[in-house]
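What follows is one structure encoded as structure tokens, with my remarks underneath.
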Amino acid sequence: MQDILNYINGQLIQPKSNLYIDNIAPATGKKIGSIPNSSAIDVNLAVEAAQAAFPTWASCGADQRSKILLKIADLLEKALPEFAQAESLDNGKTLKLASTVDIPRAVHNLRFYATAILHAHDEAYYTEPHALNYTRREPLGVVACISPWNLPLYLFTWKIAPALAAGCTVVAKPSEVTPLTAFMFAKICIEAGLPAGVLNIIHGEGAHTGQALVEHPDIEAVSFTGGTHTGQRIAALVAPKFKKLSLELGGKNPNIVFEDCDLEKAVKGSVLASFSNQGQICLCGSRIMVHQSIYEVFKEKFLAKAAALQVGNPQDPHVQVGAVVSEGHYHKILSYIDLAQKEGGKILLGGMPVQLEGDYSKGFFIAPTVIENLPYDCRTNQEEIFGPVVTIMPFESESEVLKYANSTKYGLAATIWTENLTRAHRVAHQIKSGIVWVNCWLLRDLRTPFGGMKESGVGREGGFEAIRFFTEEKNICIKL
Ligand code: NDP
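The numbering of the sequence shown is our numbering, which starts it at 20 and goes up by one.
Right, dumping it as structure tokens:
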């Protein structure tokens with residue numbers, strides 16, 4: 020049992036609210052500990068600590084901030100096996116994914132921003148003949164970072180690393196569904212000597228703790244990753260207060276397979292894009308569109324590969340598909356499979372829970388599911404399911420597939436499989452999404468802008484975009 024505590028002003032403490040929530044392991048359905056359900060009083064304590072720490076942290080210099088972040092990264096890397104184990108237990112994802120993607124990426128996020136800040140520079144303009152203008156980027160103050168459950172430490176560090184590197188102090192709220200690695204991370208920050216109050220981690224339900232944080236008058240900016248509905252709610256709350264807001268929201272991403280693709284690569288990449296992390300990555304390609312001339316052959320190969328994926332105990336190194344994150348989410352995914360059938364969908368693979376035995380008999384496992392025969396504009400093809408469920412449909416022409424691809428309210432990511440370079444550019448330019456991958460999926464360079472169009476978000480993370488978000492530019496004009 021792991022009873023989680025808040026990290027406020029450099030200390031691990033219980034919530035003043037004295038309220039707790041059970042933490043459930045999705046692979047077993049069993050309680051593995053408790054989580055504070057922090058109140059506005061706890062949020063206030065965290066914000067006060069962050070305010071008190073801000074002047075020193077903001078002015079200690081990029082070099083000093085960089086050193087501490089690098090130390091945290093080193094300690095996290097040393098503890099990678101324990102963190103990966105905890106992430107897998109808490110989220111239901113495979114230990115393999117947690118060990119090779121989630122925790123290494125969290126280390127990378129910290130190192131990336133710890134070193135990026137050393138290369139940040141301001142601008143200067145000589146206004147002939149009488150003035151010199153120069154700009155200064157100043158950290159905003161206390162900021163809120165709110166992250167979801169699908170890639171817990173990966174997305175948590177993706178926000179706090181640039182905020183801290185830029186000189187802000189932070190109150191962060193991980194998802195109540197997956198709080199474990201953020202709690203362990205607090206212990207590492209203490210060990211690394213991060214000054215008290217610079218980072219505060221507060222646990223609790225989104226509508227309770229998260230909302231109190233967003234509404235706090237001394238929070239200067241909110242960086243949020245999560246669902247589109249929650250993003251809308253947060254935007255409505257902070258807009259009248261003119262707080263800076265970054266929103267990374269949902270997606271319903273097209274995965275387009277042209278007849279001139281490398282078929283083996285397209286099949287392999289599409290299976291990864293469909294079922295990695297049980298389909299619970301905002302970037303997963305959940306709508307597969309295949310040119311009619313290769314539809315049957317692609318479908319046959321894709322189904323064979325998807326059917327070979329082993330669903331089971333996430334800690335087993337041979338398993339590729341673990342549990343989905345919670346009982347509520349499990350029922351939501353199953354309800355979408357029902358809806359797809361009501362809409363006329365034909366289940367080609369899966370379409371049902373997977374019943375395991377022994378310790379895992381009460382876990383939340385769903386078979387990789389492939390559905391065909393659905394129109395592009397039905398609910399199953401328009402709404403985010405966020406599970407191991409994809410649809411597959413044929414198309415005849417580029418213009419037709421672009422209509423399908425751009426038909427949803429989302430615009431986060433897209434994947435195109437083609438060996439024709441001209442076509443790759445042409446289609447990429449016409450897709451309305453923040454990221455387009457050609458002949459790959461989830462290949463990331465942290466220097467590139469990351470974010471969505473339409474209802475997939477506002478603003479961009481990544482590279483210097485994130486540093487810009489957590490700072491405000493000031494121009495100083497000197498008459499010569
Ligand atoms: P939610 O929107 O439910 O929650 C995200 C975070 O916000 C959680 O920490 C949650 O806390 C908190 N929260 C919930 N309600 C409020 C509120 N009223 N005020 C403040 N905070 C609140 O999303 P999920 O956790 O379910 O994550 C899945 C979603 O995230 C999917 O839609 C997915 O596409 C999206 N996502 C987007 C990414 C991107 O980069 N664009 C990346 C990854 C995921 P709690 O969980 O404790 O309720």
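Glycine included, C-beta positions come from ideal geometry on N, C-alpha and C.
Flag this pair as touching only if the stretch 330 to 342 and the stretch 113 to 123 have three or more C-beta atom pairs under 8 Å; answer yes or no. Because the criterion of three Cβ pairs below 8 Å is met, the stretch 330 to 342 and the stretch 113 to 123 touch.
Do alanine 133 and alanine 92 count as a contact pair if the criterion is CB distance below 8 Å? yes
Going by C-alpha distance, which of Pro123, Lys86, Arg84 is nearest alanine 103? Pro123
With contact counted as at least three CB pairs below 8 Å, one residue from each stretch, are the stretch 400 to 410 and the stretch 288 to 304 in contact? At 8 Å Cβ cutoff, the stretches touch.
How about asparagine 169: is its Cβ closer than 7 Å to a heavy atom in ligand 1? yes
On the three-state DSSP scale, how would you describe cysteine 496? strand
Coarse secondary structure for phenylalanine 277, derived from DSSP in three states: In this structure, phenylalanine 277 counts as coil in the three-state DSSP scheme.
Sort Cys496, Leu499, Ile486 by Cα distance to histidine 140 and report the nearest one. Ile486
Cα-Cα separation, asparagine 25 to isoleucine 221: 5 Å
Between the Cα of phenylalanine 294 and the Cα atoms of Phe317, Ala46, Gly341, Ala44, which residue gives the shortest distance? Gly341
Taking the continuous beta strand (DSSP E) assigned at tryptophan 456, which residues delimit it? 454 to 457
Report the residue from Pro74, Thr47, Pro181 whose alpha carbon sits nearest the alpha carbon of glutamate 480. Pro181
Below 8 Å on the Cβ atoms is my contact criterion, and I expect valine 217 with valine 190 to pass it. Report the Cβ-Cβ distance as a whole number of Å. No, valine 217 and valine 190 are not in contact; Cβ-Cβ is about 11 Å, not under 8 Å.
Considering only heavy atoms of ligand 1, does any lie closer than 7 Å to the CB of phenylalanine 405? yes
Where does methionine 20 fall in DSSP's three states? coil
Is the number of C-beta pairs between the stretch 347 to 357 and the stretch 309 to 322 that are closer than 8 Å three or more? no
Return the CA-CA distance between histidine 127 and lysine 361, expressed in angstroms with no decimal places. 44 Å
CB-CB under 6 Å to leucine 31, same chain, minus the five flanking residues each way: which ones, in chain order? Leu24
Ligand 1 and cysteine 164: does any heavy atom of the ligand fall closer than 7 Å to the residue's C-beta? no
What do you reckon, are the CB atoms on glycine 246 and serine 475 nearer than 8 Å? no
Are the stretch 256 to 270 and the stretch 458 to 476 touching, with three or more C-beta to C-beta distances below 8 Å? yes
Need the endpoints of the alpha helix (DSSP H) that glutamate 315 sits in, please. 314 to 326
Looking at glutamate 106 and ligand 1, is the gap between the Cβ and the nearest heavy atom below 7 Å? no
Report buried or exposed for threonine 467, applying the criterion of at least 16 other Cβ atoms within 10 angstroms of its Cβ. Around the Cβ of threonine 467, a 10 Å sphere holds fewer than 16 other Cβ atoms; the residue is exposed.
Please identify the residue among Leu461, Ala433, Gln33 whose C-alpha is closest to the C-alpha of histidine 448. Ala433
Assumed close pair arginine 156, threonine 490 - CB separation to whole angstroms, cut-off 8 Å: About 4 Å; that satisfies the 8 Å criterion.
Inspect the beta-carbon positions of histidine 227 and asparagine 37 and report whether they are closer than 8 Å. no
Cutoff 7 Å; reference glycine 363; Cβ partners in own chain excluding five residues on either side: Answer for glycine 363: Asn392, Leu393, listed in chain order.
Restricting to runs no shorter than 4 residues, where is the alpha helix (DSSP H) found entirely within the stretch 171 to 238? 171 to 185, 199 to 211, 230 to 234
Give me the DSSP bridge partner(s) of threonine 434. Asn274, Trp456
Given a cut-off of 8 Å on the beta-carbon distance, is the pair alanine 105 and threonine 200 in contact? Against a cut-off of 8 Å, the Cβ pair of threonine 200 and alanine 105 comes out as a contact.
Kindly list the residues whose CB is nearer than 7 Å to the CB of alanine 69, restricted to its own chain and excluding five residues on each side of it in sequence; keep chain order. These residues qualify, in order along the chain: Val161, Thr188, Val189, Val190, Gly216, Asn219.
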